[in-house]
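**Q** Supplied in structure tokens, the structure appears directly below.
Chains as they are written, first to last, in our numbering: chain E, 1 to 84; chain X, 1001 to 1584.
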């Protein structure tokens, strides 16, 4: 199947793939900087900050993983037969 | 068409014919029922139909307006997709249960008064629980009972609310309630509705029961119960501030658990809570745009969530497990399932050109319009979590990642077709949102495809992907379960049993002993007293009654049932009988 071949090809070239993705992220953030600087958009004052949503994505995702996993390990996680 | 046919009729009558046909005819019938109902909805005109007078009350079975129609559309379409996916199911009872479930939710959305809603509400709970029980495992049976108990509780809240409402207003008309007029009656009804919408803290039944349902049953369940609840909330309670806040809390709460869950279907179940949170928040914000958004999101959500449950169900069906810690590398064996799952995942995450993008953003934009910055921030945070857990975590650990020693195949063709069709619908709504917007209750002036919005969505989704790959090791699924609100009644039930064992049980034994020693002793004394009073005249009779008493005593010992109420009642009866025997 063709899809399988493409996936295999991507998995073999992880390095190239990650470079492409990093370039994509940079372009995305820079584009937003250009967009916010040329016209005033945004939902509220902090949102007019260039590339705000990129930072929001990084910080939000990081906090979510850290807090969720932290609380899980603290007391939420139990063995599978906990309820019997 | 001036004559109105209730679409639920196809499901109620059609499903009863299923056991009487075999083979291809049966499959044809299972698919025909939803097709007929879709056609019925397509020809429906707005108006009020099916008014029935019952016990001096006016029951309305057919309130057809734009709000009920948009839900009817997606319910009947979903019923078809679900039926197609469930074609492999051999038990007739499963098909009958799912048909009654769909039929009763259609009944609830067309109902014009509280009593009719209530009747269909209860049929929904009692028919859907069979979709859990048909899994036929002890865990599912237990989870089904818990599901039922919680819904009976919700139904009771709802019913008490209806009674109080009738007492207050003298009618049962189900219409918009203004938050400033709401009293206990309205809040009880709201509680009943909220329980079905899995609003915090009444949500735990969902993540408890859905992952234990059958493969096909979960596909039905994820669509109807919560979305019927969203409909009734949108009908009766728009603009209730409490819904805006709790709804937003739900969006974050759901993704929080989804990040740490191990079971694929439980991750998805928590995402129902999260996504329904957006709709509940939309209802709570209550503007025309927010209500439109809630309806649009319900429509889109039913399709992509069903698609995700179909994908996860296929994995469970073919490999025997849905635990991420035991899966991996499935893309080689189930490429189609993987592709369809990914379509569902990008739809729920709100990627441009997929259905979530055009519906979720409507609610977020309405929060922005109202200046609700905190709601907006938390909804977008939940958006990050959605892509993180459903889009990246599940996809990576089930279909890629470390290869698990499981050899799987693609699921049966009917399941693949159902997934393919649903994927197509997710895509078409994303590309051509007018199709969906035209169905909405209010005119739409919202355009999702503008540059700042596209840039915003792509930025936070893409950078979420970056952080995911950096923290990949942190996210490795663990063979664990996580405590949630169901802890209260699952452990609470244990506490109750202990109370029964330690307090009620000994009391019961004590009562038994008391009866045996004291009661019989008193009776013998009574017998001897009456013996002394008139020894000469009724000597023989007293002798006889004493023997009877002794006989009854031993009989009652044998009849001990252990149930204290029955026991008290029974012993009182015997006691009075003996008194009567002695004194006459």
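Don't be surprised by glycine CBs; every beta carbon is placed ideally from N, CA and C.
9 Å is my cut-off, CB to CB: does residue 1462 of chain X come that close to chain E?
**A** yes
**Q** Identify the contact partners of residue 20 of chain E in chain X, using a Cβ-Cβ distance below 8 Å as the criterion.
**A** Those within 8 Å of residue 20 of chain E in chain X number zero; the least Cβ separation is about 12 Å.
**Q** What residues match up with residue 1049 of chain X in a beta bridge as DSSP calls it?
**A** Residue pairing by DSSP puts residue 1049 of chain X in a beta bridge opposite X:1062.
**Q** Mind pulling the alpha helix (DSSP H) runs of 4 or more residues that sit fully within the stretch 1183-1261 of chain X?
**A** Complete alpha helix (DSSP H) runs here, min 4: 1184-1196, 1204-1209, 1215-1236, 1241-1260.
**Q** Run through DSSP, which three-state label would residue 1177 of chain X get?
**A** coil
**Q** Using 8 Å for Cβ pairs, my map puts residue 1086 of chain X next to residue 1249 of chain X. What's the rounded Cβ distance?
**A** Residue 1086 of chain X to residue 1249 of chain X, Cβ: 34 Å. No contact.
**Q** Across the stretch 1491-1507 of chain X and the stretch 1277-1296 of chain X, are there enough close Cβ pairs to call them in contact, namely three or more that are closer than 8 Å?
**A** no
**Q** State the Cα-Cα distance for the pair residue 1352 of chain X and residue 1346 of chain X, rounded to the nearest angstrom.
**A** 9 Å
**Q** Does the CB of residue 1361 of chain X have a neighbour CB from chain E at under 9 Å?
**A** Not closer than 9 Å to any Cβ of chain E, the Cβ of residue 1361 of chain X fails to qualify, so no.
**Q** Please compile the residues from chain E whose C-beta is within a distance smaller than 8 Å of the C-beta of residue 1490 of chain X.
**A** 83
**Q** Is it the case that the Cβ atoms of residue 1355 of chain X and residue 1436 of chain X are separated by a distance below 9 Å?
**A** A contact, by the Cβ cut-off of 9 Å.
**Q** According to a CB-to-CB cut-off of less than 7 Å, which residues of the stretch 55-80 of chain E neighbour chain X?
**A** 56, 57, 58, 60, 61, 62, 64, 65, 68, 69, 72, 76, 77, 78, 79, 80
**Q** Listing by chain order, which chain X residues have their CB less than 7 Å from the CB of residue 31 of chain E?
**A** 1455
**Q** Can you confirm whether residue 9 of chain E, when its beta carbon is compared against all beta carbons of chain X, has any partner nearer than 9 Å?
**A** Contacts with chain X at 9 Å (Cβ-Cβ) do not include residue 9 of chain E.
**Q** Can you give me the C-alpha to C-alpha distance between residue 1367 of chain X and residue 1447 of chain X, rounded to a whole angstrom?
**A** 16 Å
**Q** Under 9 Å between beta-carbons, which chain X residues line up against residue 23 of chain E? List them in chain order, please.
**A** Near residue 23 of chain E there are no residues of chain X at all, since even the closest Cβ is about 12 Å away, more than 9 Å.
**Q** Give me the chain E residues within the contact set of residue 1316 of chain X, using Cβ-Cβ distance strictly less than 8 Å, ordered along the chain.
**A** Going along chain E, no residue has its Cβ under 8 Å from residue 1316 of chain X, so there is no contact; the nearest lies around 16 Å.
**Q** Could you tell me which chain X residues have their CB closer than 8 Å to the CB of residue 3 of chain E, listed as they occur along the chain?
**A** 1335, 1339
**Q** Please confirm whether residue 1031 of chain X and residue 1110 of chain X have their CB atoms less than 9 Å apart.
**A** no
**Q** Under a Cβ-count criterion, where at least 16 other Cβ atoms within 10 Å of its own Cβ denotes burial, should residue 1280 of chain X be classed as buried or exposed?
**A** buried
**Q** For the alpha helix (DSSP H) containing residue 1004 of chain X, name the first residue and the last one.
**A** Looking at the DSSP string, residue 1004 of chain X is not in any alpha helix (DSSP H), and its letter there is neither H nor E.
**Q** What residues of chain X sit near residue 35 of chain E, judged by a beta carbon separation below 7 Å?
**A** 1451, 1452, 1455
**Q** Hey, could you find the ends of the alpha helix (DSSP H) residue 1265 of chain X is sitting in?
**A** 1264-1285
**Q** For a contact defined as C-beta to C-beta under 9 Å, what are the partners of residue 28 of chain E on chain X?
**A** 1455, 1458, 1459, 1462, 1463
**Q** Counting only runs of 4+ residues fully inside the stretch 1081-1120 of chain X, write out the alpha helix (DSSP H) ranges in chain order.
**A** Within the stretch 1081-1120 of chain X, the complete alpha helix (DSSP H) runs of at least 4 residues fall at 1092-1110.
**Q** Should the stretch 1471-1491 of chain X be regarded as contacting the stretch 1324-1333 of chain X, the criterion being three or more beta carbon pairs within less than 8 Å?
**A** yes
**Q** Which residue marks the beginning of the alpha helix (DSSP H) containing residue 1158 of chain X, and which one marks its end?
**A** Unbroken alpha helix (DSSP H) run through residue 1158 of chain X: 1138-1169.
**Q** Distance check for residue 1163 of chain X and residue 1498 of chain X, CA to CA, integer angstroms please.
**A** In a straight line, the C-alpha of residue 1498 of chain X is about 35 Å away from that of residue 1163 of chain X.
**Q** Measure the Cβ-Cβ separation of residue 1426 of chain X and residue 1303 of chain X and say whether it is below 9 Å.
**A** yes
**Q** Looking at residue 1120 of chain X and residue 1190 of chain X, is the spacing between their C-beta atoms short of 9 Å?
**A** no
**Q** Ordered along the chain, which non-local residues of its own chain (more than five positions away) have a Cβ less than 8 Å from that of residue 22 of chain E?
**A** None.
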